[in-house]
Structures are given as C-alpha cells and as structure tokens.
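Using UniProt numbering, read the sequence shown as starting at 1 and increasing by one per residue. All remarks here apply to the structure that follows.
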Amino acid sequence: MTEDRTAQTLRSIAPYLADWASFQAAYHGVPGLQLAVGRRGEVFVDLAWGKADVETGEDLTSDHLFRIASHSKTFTGVMVMQLVERGELRLDDRAGDLVPELDGSRAAGVTVRELLGHQAGIIRDSSDGDFWQHHRPFLDRAEVLECVRAEGVVFEPNEHFKYTNIGYSLLGIIIEQVTGKTYDEAARVAVVEPLGLTRTGTELDPARAAEYAAGHTGRIAHGDARRVIPHVDTRAMAAATGWYSTALEMVRYGAAHTFGDTTLISDASKRLMQRDESRVAVRGKELGRYGVGIEVGKVGDREVVGHSGGYPGHITRTWIDPVEGIVVSALTNAVDGPAGQIANGVIQLINLALAAADEVAASAVTGKGGDPVPGVPADAPIGRFANLWGVADVVDLGGILHTINVRAAEPAEVAQRLVVSDGRLVQEPVAGFGTVGEPVQTERDADGAIVSVRIGAMTSWPVEEYRSRTAR
C-alpha cells in the first residue's frame, strides 16, 4: 500500500475507530478510556472517553496521566541499548560485575541480556508481592538487592522464560551504576527530553497529583460498585513498573520504535530488541513471544511489538508496527479494563480497512483482471442498528461496506461485507452459516432518514429507536 493511501484510509476510518472503542469501553463498564492512533507523526485518533474518577465525576481528558506499569520495561530496554551503543555496557556483562552487592550470590552470573529477555530465572515479585494490592510499599533498592541475593534465582539462566519485575528492577539499579545518575535522571536524558515528552515520567510525581486519572477496583459481580485506588510510589521498581504517560505521548514514544526513526536507538538495536528472544509455550500451546526488552506479537497478519501494563487501578496496552509505523495505545483506569482487547480490535479494524483499500485500488488498475469493486452506494444504510439479538454497525472500511458486531471482542472474526450485486445491496455471496447472499432492505421516512434495516431475515432499528420500542 502506498503511504498516501495508508494515511488516507486511516483518516477516513478514524471516527469509526473512536466510536467502536467507546462502545467497547461502555459495554464493559470501565470508568474511562484514552485511545490514540498515530503513524509517522500524524495522529488520527485522540479519544478520551468516560470518567477520570467515578467518585468525583471528573471527566477524563487526553491530558490525564495513566500509570503504564510494565510499559516501563520497554523504556528500560531502550536505556540499556543506548548504553550498549555507546560502549558503556555489554549485553553479556554479568550482573555481579556491575552491582558489587551481588558478589557471591547465585544471581551474580546472570547477564544483562538474560534480564532483558526474562531468561535469567529471577523471581517475579519476591515471595511477598502484596505491594501489588497496597498491603505493603513497593521495594526500595536495598530490598530489591536482598530479594535477589536471598531468593532471586528460581530457574537456571535460559532454562525457562520467566517474567520478572525483580529482574527489571535490578536492570534499573544497573543503569544507575553505569551512568552514575538516578534512574529518573538517566531516563530524562535518554528518553523524555529527546522526544520532547511533557506528560511522561518514571514515577509518581506528587506535584502533579491532580493530573492523574484515578485507578479503580475491578468488579467481582456485574453490578459491583468501583472504588478508587490511590496511586503510590513504586520506588526501586520503577524500571519495571513505575512509568506514567498518556495515550498521545505513548504514540509519540512508539514511533521511536519504528524503523527509520533513530531518535532514541539505531535500527540495528531495534532489530535486536524486536526479534524473538523467547517463544513462550506450555504443553505445546504458545502463550506469547518476547524480545529483548519488548513484547513481540501479531494481530491478524500484522507483526507488532509493544507492551501491556497492569498497575493497581490501570490496565494499558500499546502496539507498534515497526515497519509501517502504525501505533495504537489504549489506556483504561480499572483493574479489569479491556485495554488489550480494545487495542487489538482497533488494529483488526485497521487491517480490514487497509486490505479493502488495497483491493479497491487494485481492481481499478487496467490489466489487473476481474471486475472493478463497486463503490459504496450513496444511499448505503451506514449507522448502528439494534434488535433483540444484538447491535451491528454498517460502516465503510477502506471503500467496501462492512457489517460489524460491535459487541464482539474480535471484529475481524465477525465482519461481513455488503456488496452490490445486480443492482441490489446484498450480503457478500460467499459460503457461510448466516444469511449470506441475501438482500439488504432499508426503510426510510419522508425525509430520507433510516427507519429500519433488514440484513438477512430480521429487522433492526437505529439504537435509540430500538430502545424506545423495547421500553414501551
């Protein structure tokens, strides 16, 4: 796809991406959602939906700060790679050679690379990780080092992938040892200032307390009330989980992980960080992939990198396509927030639209063969419709009309096309269990407004009309 067509398609579907994500957030009952979608410096979606604090009723804005938790690991990975590029650190340096307090411990021999890739076998959160539910403070430097010395090694290096916040806290200490700066000072010089970030930092800033979106409890049962969870300092664990940001600034940061952008690290360092260090599988089932300081994934056919984050009260997810430059960041302010589901769904919708745009463009080129893809009819019944069985959107994605079950977590799995056949709008005539190949019927009033649609056998109405009908 040409760059112009990619950008044009993203601009055209941006309002729908925001609308779909807002529906998902409301449907799942989360207090608030920030969503940003960008590509190579252009922001297509900047959404702030819902409440920053359900107890005060404060509306969420794009400026509210979220604790992005394990996204912190990607920042730490970048900082390590900068030191490696300058020759101040090597990936095969041993932790015991960098942090004298580890001398003689089992953990002394683990390498920087093993720590970055969660292959060092280090305990995840210590034997008492109740700081995750605020029953105790997060660990300070001395406590991290004592944990590593006394109970840190669970597996031998490279025996198993073992995700570890303690290991990344140790990387923060290593950065301090090598640079002679605090982790926060080193991060400002390495990441925050080069990118011009003003709403991103390593740790809770009491001076900005009013700017943070409140964290909220999850729900055990559907009707449970949510309570606000206070923000706390993660102390020496900031390198693993302390950072804060906004969706917009995460898009700016994510762009620095795309190839060709050398603001933070070289493309060579990106290739090292983003290749598979681990394929995480248990009893033959793959659970995920991890690189060197960054998560590796796939949404549809799109290869992505990034990270999720889980902090008491905030759940977040950012995905980056390092080749095409698309970045999606979804931040939610509840322990059960569906940030990952929303980010994945947005990318699926982008994939559908870009594939459709390519198909439309290819069909219009002389000599490509086949009939041109008919354009979306001017009177297409675009909108959101409901009936007893659900809610469906009719939307133009990339020049082809689609129906989307807006409740579904995986929009690409349930999307169907509507096409013009013999002068009629029909569901795409392909194999299927539904009403494929059948016509779409639209009823309009005297002013041309849609009264109802019948896609297949059942009538649906605009959502507010359906609500009024069922309330009678």
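From the three backbone atoms N, C-alpha and C, an ideal C-beta is built for every residue, glycine too.
Per DSSP, residue 123 lies in no beta strand (DSSP E) and is assigned neither H nor E. Counting along the chain, residue 97 sits inside the alpha helix (DSSP H) bounded by residues 95 to 98. Around the beta carbon of residue 44, 16 or more other beta carbons sit within 10 angstroms, so the residue counts as buried.
With respect to residue 407, residue 16 sits apart: the two C-beta atoms are not nearer than 8 angstroms.
Between residue 277 and residue 82 a beta carbon distance of about 19 angstroms is seen, past the 8 angstroms cut, so the two are scored as non-contacting. Residue 202 and residue 117 have their alpha carbons spaced roughly 21 angstroms apart. According to DSSP, residue pairing for residue 330 in a beta bridge involves 35 and 317. In the DSSP assignment, residue 298 forms a beta bridge with 303.
Separation of residue 252 and residue 305 (C-alpha to C-alpha, rounded to the nearest whole angstrom) is 15 angstroms.
DSSP places residue 75 in the uninterrupted alpha helix (DSSP H) bounded by 72 to 85. Pairing residue 126 with residue 307, the inter-Cα distance amounts to about 22 angstroms. When rounded, the separation of the alpha-carbon atoms in residue 466 and residue 330 is 30 angstroms. With respect to the 8 angstroms criterion, residue 273 and residue 77 are classified as neighbours on the basis of their beta carbons. In the structure shown, the three-state DSSP call for residue 459 is strand. A Cβ-Cβ distance of about 6 angstroms is found for the pair residue 270 and residue 322, placing them in contact under the 8 angstroms criterion. Comparing alpha-carbon positions, the option among 389, 317 and 176 lying closest to residue 297 turns out to be 317.
Taking one beta carbon from each stretch, the segment 355 to 364 and the segment 396 to 410 have 3 or more pairs nearer than 8 angstroms; the two touch. In the displayed model, residue 415 falls within coil according to three-state DSSP, outside both helix and strand. The shortest C-alpha to C-alpha distance from residue 84 to any of 388, 456 and 179 is the one to 179.
When rounded, the separation of the alpha-carbon atoms in residue 79 and residue 378 is 52 angstroms. Going by C-alpha positions, residue 382 is about 7 angstroms away from residue 393.
By the CB criterion at 8 angstroms, residue 427 and residue 455 fall inside the cutoff. Of the candidates 390, 437, 420 and 327, 420 places its Cα closest to the Cα of residue 373. The segment 176 to 190 makes no contact with the segment 210 to 220; the number of CB pairs closer than 8 angstroms stays below 3. DSSP places residue 290 in the strand class (E or B) of the three-state scheme.
For residue 132, the secondary structure class from DSSP, reduced to helix, strand or coil, is helix.
Here residue 66 is buried: its Cβ has 16 or more other Cβ atoms, across all protein chains shown, within 10 Å. Residues of the same chain with a CB within less than 7 angstroms of the CB of residue 241, apart from the 5 flanking positions on each side, are 69, 70, 72, 165, 234 and 311 in chain order. C-alpha of residue 91 to C-alpha of residue 112: approximately 5 angstroms in a straight line.
Listed as beta-bridge partners of residue 387 by DSSP are 390.
Following the DSSP letters along the chain, one finds residue 278 inside the beta strand (DSSP E) bounded by residues 278 to 282.
A distance of 8 angstroms or more separates the beta carbons of residue 7 and residue 58. In this structure, DSSP gives residue 111 an extended state, which the three-state scheme calls strand. The Cβ atoms of residue 460 and residue 364 lie no closer than 8 angstroms to each other. Nearest to residue 294 by alpha-carbon distance, out of 159, 254, 325 and 333, is 254.
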